[in-house]
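Heads up: the protein sequence lines correspond to chains A and B, in order. Under the numbering used here, the first residue of the first sequence carries the number 5, and numbering increases by one thereafter. Under the numbering used here, the first residue of the second sequence carries the number 37, and numbering increases by one thereafter.
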Amino acid sequence: MPDAPRRTTHRTGRNGLLLTLPLLAFILVFFAAPIGAMLWRSVSNPLPAAMLPKTAEALAGWDAQALPGEAAYAAIVEDLKALKREEAAKLGAQLNFDFGGLNSLIRKTAREAAKLAPPYADSLPKLDKQWANQAVWAAIAVGTQSLSAKNYLAAVDLRYGADLSVERVADKDAIYLMLFGRTAWVAALVTVLCLILGYPLAWLLANAGPRTAGLLMILLLLPFWTSLLVRTTAWIALLQSQGVVNDMLVWLGLVDDKNRVQLVYNMTGTLVAMTQVLLPFMVLPLYSVMKTIPPVYLRAASSMGARPFTGFIRVYLPLTMPGVAAGALLVFILAVGYYITPALVGGPSGQLISNLIAYHIQQSLNWGLGAALSAVLLGAVIVLYLVFNRVAGADRLRFG
Amino acid sequence: MSGWGLIARVMAGLTLVFLIAPLLVIVPLSFNAEPFFTFTDRMLALDPDGYSTRWYQAILNDTVWRDALVNSLIIGGASTAIATVLGTLAAMGLARGDVPLKGAIMGLLISPMITPVIIAATGMYFFYSDLGLTQTHLGLILAHAALGAPFVVITVTASLTGYDWNLSRAGASLGASPATTFFRVTLPLILPGVISGALFAFATSFDEVVTVLFLGGPEQVTIPRKMWSGIREQISPAILAAATLLIGVAVVLLLVVEWLRRRSERMQIVQR
């Protein structure tokens with residue numbers, strides 16, 4: 005007899021799992037697996053290793069204290085001889101990501117490889133003096149590793165130097181730490197702006213009569229339901245130099261007609277538009293916490309002599325902290341991954357890390373680096389989400 | 037209280053203006069008779085000649101915009117159907133007590149909502165092209181279904197928290213199969229949540245541009261894709277006309293969801 009109830013719960017548990025399986029499988033196949041496969045590209049780099057097998061083998065034990073021996077020179081000549089013209093072009097383009105100039109060097113050497121005579125340690129540098137540059141060999145050694153951390157180094161402005169030790173890249177190429185910093189800074193700024201603007205609004209929503217609250221809620225949710233592109237378009241129309249805000253500033257005499265303020269296609273545009281877009285994600289969690297705080301708490305505080313400000317700081321604010329934490333984390337999580345708004349209104353100075361990922365995937369075609377940047381960003385988002393889950397619970401992700 | 041309360045009210049009011057004003061400004065600007073993005077003197081003087089519906093005529097007569105609408109509706113409709121069916125099933129499963137690894141499963145099912153969309157889009161770009169799904173409607177339908185499903189899971193889970201499972205047991209004890217119990221007892225009671233989730237999923241697809249940029253080809257131009265290129269290339273008040281129409285869509289979706297929410301609150305009271 006005591007068995008029966010346990011068996012029932014066990015069965016419902018299994019049925020429950022069965023019901024979640026279709027969506028679980030769907031998300032795994034069409035969402036998680038694609039991301040996993042893309043992230044794998046950040047460490048996996050099979051193409052050069054497959055095209056230069058002998059070179060990879062010859063360089064595997066190289067200590068990088070001096071130029072490699074004749075064996076490596078002979079290996080690369082042999083490997084390049086075996087490549088078709090378009091294969092050499094592909095290889096050159098790949099290796100060029102690690103070391104600028106390798107593209108033309110590889111293609112030129114592949115073209116001339118058949119005419120070269122041993123010893124290749126002499127004839128290759130004669131063809132192009134770059135072959136006597138140890139840094140070139142270091143780049144080829146790293147580039148022909150089928151698994152390597154080079155993309156993660158690049159994602160934090162580091163690289164393997166000529167002696168294969170890790171070093172900082174030249175200052176002009178060091179942009180990624182700055183971009184991660186800018187992304188975090190913009191996300192933090194947007195979070196703070198949303199908190200400052202959203203807190204009073206959430207308070208008003210929670211404390212207004214039902215009819216007013218219903219109307220306010222509709223006003224809050226309308227932008228939430230409106231297409232992101234529509235809202236971005238609206239900000240361009242408002243903020244551009246011939247737009248409504250500048251017209252008003254000129255009309256008010258605050259700004260000279262010839263010196264209109266640049267409000268869009270820069271950081272200001274990104275901040276303003278992102279704050280407006282993400283504000284509902286701050287207000288809704290705040291509101292759902294504030295709604296549960298009985299007004300008698302504040303009255304109790306004031307009856308014991310606390311001034312309104314003290315009552316707010318000592319009683320109300322601490323009670324709303326779960327909402328503050330949930331809203332702030334949610335806004336920050338969404339803001340660090342933002343792509344559309346910075347791409348459309350950010351201009352060059354308002355680009356964030358997402359925009360650079362898109363650039364590497366679509367334009368520079370340095371997929372490994374794009375994947376490494378994605379992995380760093382995704383790692384940050386997952387950590388923040390775990391904190392969010394701990395602080396607020398996944399069910400706080402409920403809108404409307 | 038009154039001093040601080042007044043300040044808070046004023047701030048809340050200004051914040052609402054900040055939220056709504058950009059949308060309200062677009063509407064009259066879309067009736068501009070001139071190809072400008074700002075109010076002309078004739079518009080400010082309320083001269084009827086300053087206003088016109090030329091931009092609306094331009095987009096309504098443009099086959100590119102019409103095709104974009106059709107594509108958006110096909111992709112949105114199909115992805116919503118997938119997301120709603122799979123999402124409702126999953127929420128039903130998760131609501132049934134002791135599913136093993138519930139937290140991890142929930143986290144995975146919700147992940148499309150918090151993953152930066154650029155990461156999802158680039159991952160899909162490589163993976164879907166290996167499967168031959170890029171530049172097809174099907175690829176975008178699958179992508180949008182994955183992005184929309186978490187909304188269904190969350191809204192249906194929320195409406196199931198107010199559901200009395202004794203009703204299902206009663207159905208089963210009277211001899212109904214699990215499917216019959218679901219369609220005749222459970223579904224009618226959680227329907228507002230299911231429809232809200234479906235509308236969220238549809239709105240997600242209808243507004244989604246990043247995966248379309250990565251996965252779509254010339255045959256998959258949707259409304260957001262058209263708006264995107266409109267903003268980047270030839271920005272004209274035609275964009276504002278399209279935007280105004282989309283605000284109308286948002287108003288309708290919002291009012292339906294709010295109505296459903298109130299209805300489901302009433303139903304939960306009735307059940308208790």
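Virtual Cβ for every residue (Gly too), placed ideally from N, Cα, C.
Measure from the C-beta of TRP101/B to each C-beta in chain A and report whether the shortest distance is under 7 Å.
Stepping through the second sequence from its first residue, residue 101/B is reached at position 65. Closer than 7 Å: no.
With the cut-off set at 7 Å, would you say LEU382/A and ALA159/A are in Cβ contact?
Taking the first residue of the first sequence as 1, we reach residue 382/A at position 378. Taking the first residue of the first sequence as 1, we reach residue 159/A at position 155. No. Outside cutoff.
Select from GLY253/B, VAL192/B, ALA239/B the residue whose C-alpha is nearest the C-alpha of PRO224/B.
One-based indexing of the second sequence puts residue 224/B at position 188. If we check each option's Cα against that of PRO224/B, VAL192/B comes out closest.
Shortest alpha-carbon distance to LYS295/A belongs to which of ASN270/A, ALA277/A, GLY327/A?
Numbered from its first residue, the first sequence carries residue 295/A at position 291. Cα-wise, what sits closest to LYS295/A is GLY327/A.
Under 9 Å from the C-beta of PHE101/A: neighbouring residues of chain B:
What you label residue 101/A is simply residue 97 of the first sequence in a count that begins at 1. Here the premise fails: no neighbours, minimum Cβ distance about 17 Å.
Taking only three categories from DSSP, how would you classify GLU171/A?
Taking the first residue of the first sequence as position 1, residue 171/A is located at position 167. Strand, per DSSP.
Output needed for VAL385/A: all residues of its chain with C-beta closer than 7 Å, excluding positions within five of it in sequence on either side, in chain order.
For the purposes of this step, residue 385/A is identified with residue 381 of the first sequence, where counting begins at 1. Excluding positions up to five away in sequence, the list reads ILE337, VAL340, GLY341.
Please compile the residues from chain A whose C-beta is within a distance smaller than 9 Å of the C-beta of ARG90/B.
Here residue 90/B is taken as the residue at index 54 of the second sequence, counted from 1. Annotation: ARG90/B has no Cβ neighbours in chain A at a cutoff of 9 Å; minimum Cβ distance is about 17 Å.
Can you give me the C-alpha to C-alpha distance between VAL230/B and THR124/B, rounded to a whole angstrom?
Here residue 230/B is taken as the residue at index 194 of the second sequence, counted from 1. Here residue 124/B is taken as the residue at index 88 of the second sequence, counted from 1. In a straight line, the C-alpha of VAL230/B is about 7 Å away from that of THR124/B.
Could you tell me the boundaries of the alpha helix (DSSP H) in which TYR389/A lies?
As a first step, residue 389/A must be located in the first sequence, where it is residue number 385. Run containing TYR389/A: 371-395, per the alpha helix (DSSP H) assignment.
List the DSSP bridge partners of ARG163/A.
Taking the first residue of the first sequence as 1, we reach residue 163/A at position 159. Answer is GLU171/A, bridged to ARG163/A.
Beta-carbon spacing of ALA48/B, LEU205/A below 7 Å
For the purposes of this step, residue 48/B is identified with residue 12 of the second sequence, where counting begins at 1. For the purposes of this step, residue 205/A is identified with residue 201 of the first sequence, where counting begins at 1. Yes; because the gap between Cβ atoms is below 7 Å, this pair is in contact.
Burial state of LEU42/B (16 or more Cβ within 10 Å):
Along the second sequence, read from residue 1 onward, the residue named residue 42/B stands at position 6. Per the 10 Å Cβ criterion, exposed.
Given this structure, state the Cα-to-Cα distance separating ALA53/A from ILE39/A, to the nearest angstrom.
Counted from its first residue, the first sequence places residue 53/A at position 49. Counted from its first residue, the first sequence places residue 39/A at position 35. Cα-Cα distance, rounded: 24 Å.
Can the beta-carbon of GLN149/A be found less than 7 Å from the beta-carbon of ALA166/A?
The residue given as residue 149/A occupies position 145 in the first sequence. The residue given as residue 166/A occupies position 162 in the first sequence. It is not a contact, given that the beta carbons lie outside the stated cut-off.
For chain B, is any of its Cβ atoms less than 7 Å away from the one on ILE440/A?
Nothing can be reported for residue 440/A: it is not among the residues displayed for chain A, which extend from 5 to 404.
Counted within 10 angstroms of its Cβ, other Cβ atoms place ASP67/A as buried (16 or more) or exposed
The residue you call residue 67/A lines up with position 63 of the first sequence. Exposed is the call here.
When you check each C-beta in the stretch 236-257 of chain A against every C-beta of chain B, which residues fall closer than 8 Å?
THR236, THR237, ALA238, TRP239, ILE240, ALA241, LEU242, GLN244, GLN246, GLY247, VAL248, ASP251
Using a 10 Å radius around the Cβ and a threshold of 16 neighbouring Cβ atoms, would you call MET221/A buried or exposed?
Taking the first residue of the first sequence as position 1, residue 221/A is located at position 217. MET221/A is buried by the Cβ-count criterion.
Strictly below 7 Å CB to CB, what residues from chain A border ARG45/B?
Looking up residue 45/B in the second sequence gives position 9. In chain order: LEU208.
Measure the alpha-carbon distance for ASN155/A versus LEU43/A and round it to whole angstroms.
Numbered from its first residue, the first sequence carries residue 155/A at position 151. Numbered from its first residue, the first sequence carries residue 43/A at position 39. Each residue's Cα considered, the two are about 11 Å apart.
Helix, strand or coil at LEU130/B according to DSSP, with G and I counted as helix:
Taking the second sequence and counting its residues from 1, one reaches residue 130/B at position 94. The answer is helix: DSSP assigns LEU130/B an H, G or I state.
List the DSSP bridge partners of TYR36/B.
With chain B covering only 37 through 308, there is no way to say anything about residue 36/B.
In chain order, what residues of the same chain lie with their CB nearer than 6 Å to the CB of LEU203/B, ignoring the 5 residues before and after it?
To locate residue 203/B, count along the second sequence from 1; it is residue 167. Sequence-distant Cβ neighbours of LEU203/B in its own chain, meaning closer than 6 Å and more than five residues away, are VAL221.
Would you check if there are 3 or more beta carbon pairs closer than 8 Å linking the stretch 353-369 of chain A to the stretch 209-218 of chain A?
no
Report yes if the CB atom of LEU72/A is closer than 7 Å to the CB atom of TRP135/A, and no otherwise.
For the purposes of this step, residue 72/A is identified with residue 68 of the first sequence, where counting begins at 1. For the purposes of this step, residue 135/A is identified with residue 131 of the first sequence, where counting begins at 1. With the sequence shown as reference, residue 72/A is identified as Pro, and Leu is not the correct amino acid for it. Cβ distance not < 7 Å, so PRO72/A and TRP135/A don't count as in contact.
Does any CB atom of chain A fall closer than 7 Å to the CB of ALA279/B?
Residue 279/B sits at position 243 when you count from the first residue of the second sequence. Yes, its Cβ sits closer than 7 Å to a Cβ of chain A.
So the alpha helix (DSSP H) GLU90/A belongs to, where does it begin and stop?
Within the first sequence, the letter at position 86 stands for residue 90/A. Per DSSP, GLU90/A belongs to the alpha helix (DSSP H) from 89-100.
Can you find a CB in chain A that lies within less than 7 Å of the CB of GLY233/B?
Here the question's residue 233/B lines up with position 197 in the second sequence. For GLY233/B, the answer is no, since every Cβ of chain A falls outside 7 Å of its Cβ.
Nearest chain A C-beta to LEU296/B closer than 7 Å, yes or no?
The residue given as residue 296/B occupies position 260 in the second sequence. Not a single CB atom of chain A sits nearer than 7 Å to the CB of LEU296/B.
In its own chain, which residues sit with a C-beta less than 8 Å from the C-beta of THR13/A, not counting the 5 before and 5 after it?
In the first sequence, counting from the first residue as 1, residue 13/A sits at position 9. In this prediction, THR13/A has a pLDDT of 43, which is less than 50 and means its spatial position is unreliable; nothing more can be read from the coordinates.
Can you confirm whether ALA41/A, when its beta carbon is compared against all beta carbons of chain B, has any partner nearer than 7 Å?
Against the first sequence, residue 41/A aligns to sequence position 37. Chain B, which has a Cβ nearer than 7 Å to the Cβ of ALA41/A, makes this yes.
How about the stretch 184-200 of chain B and the stretch 228-244 of chain B: do they share at least three Cβ pairs that are nearer than 8 Å?
yes
Just how far apart, CA to CA, sit VAL254/A and MET271/A?
If you number the first sequence from 1, residue 254/A lands on position 250. If you number the first sequence from 1, residue 271/A lands on position 267. Answer to the nearest angstrom: the Cα atoms are 22 Å apart.
Which stretch, first to last residue, makes up the alpha helix (DSSP H) that contains MET278/A?
Residue numbering aside, residue 278/A sits at position 274 when the first sequence is read from its first letter. Unbroken alpha helix (DSSP H) run through MET278/A: 271-294.
Neighbourhood of VAL281/A by C-beta, 7 Å cutoff - its chain only, sequence neighbours within 5 removed
By 1-based counting over the first sequence, the position of residue 281/A is 277. Only LEU232, ARG235, THR345 meet the Cβ criterion.
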